[in-house]
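A short write-up of the structure that comes next.
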Amino acid sequence: MNRVSVSSASAVFMKSLLLATLAFGSAAGAAEAQPAVAKADPAKGATLYESGDAARGLPACLSCHGANGNSTIVANPKLSAQFEAYTHKQLVDFTTPQRNNPVMSTYAKMLTEEDKRNIAAYLAVQKVKPGAAKNKDTVELGRKIYRGGIADKGVAACASCHGANGAGIPIQYPRLAGQHQDYTLAQLAAFKSGARANSAQMTALSQRLSDAEMKAVADYIAGLR
């Protein structure tokens, strides 16, 4: 190899090394530029939940969802003991077309990302008050659907995702035990109609259920604990 070839090869090598160094430096700089995500603060979440923030026009969550997330209004869900990640996801989803709600969408859009995480963290450690099934005539149907599904309609057992006692599976599937019948039924109906579109799985399953079947399983869920 002649001297010119060696020099050219060296120049190419040095250029490649320089580009690699610059690329690494840019990547490292970008990583350093990413803001650290602060750990969720349940205490701050409690303040927002219980008192809101008048300066920002944020109402107190408890006015609709009750003390410690134990709603006494059957149209509004109990939020106590719900998985932190699930509650956070729903607050985010309320800011999208997939879960549009006149009240919650307005409220969720007023919350910062930190607010959402703090409220979710607070609710996750609250103790839920148990509910009860009300219709003795449909409890058995609700139990069969929840525990075994409806094979000929392609309806999977609710328990396969939400647990035998409705405790759910962290991150993936929410806790359902003790939830108000009216609220659960309303959500199944919303999934069925497409009004709520943030779970393709629930949309598909609810469309296979009759109104009577939805009422039965919603009532059964209320009595789980």
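Anchor point for the sequence shown: position 198 equals 198 in the working numbering, and the numbering is continuous, going up by one each time.
Cβ coordinates follow ideal geometry from the N, Cα and C atoms, glycine included.
Nearest C-alpha to Gly163 among Ala195, Leu224, Lys129 and Ser71: Leu224. Judged by pairs of C-beta atoms under 8 angstroms, the region 138–152 does not touch the region 79–98, as fewer than three such pairs exist.
CA-to-CA, the gap between Ser160 and Pro59 works out to about 37 angstroms. For Ala120, the CB contacts under 6 angstroms within the same chain, skipping 5 residues up- and downstream, are Glu84, Thr87 and His88 in chain order. Contact check for Leu123 and Gly69: beta-carbon distance about 5 angstroms, within the 8 angstroms limit, so the pair qualifies. Distance from Ala222 to Gly149 at the Cβ level is roughly 19 angstroms; contact not present, criterion being Cβ atoms closer than 8 angstroms.
For a cut-off of 8 angstroms, the C-beta gap from Asp182 to Ala75 is around 6 angstroms, short enough to register as a contact.
Within the DSSP secondary-structure output, Arg99 pairs in a beta bridge with Arg196.
The shortest C-alpha to C-alpha distance from Tyr173 to any of Lys215, Asn198 and Gln207 is the one to Asn198.
In this structure, Ser71 keeps its C-beta atom at 8 angstroms or more from the C-beta atom of Lys127. As a beta-bridge residue in DSSP terms, Asp53 pairs with Leu58. Taking C-beta atoms under 8 angstroms as the contact rule, Ala133 and Tyr220 qualify, at a distance of about 6 angstroms.
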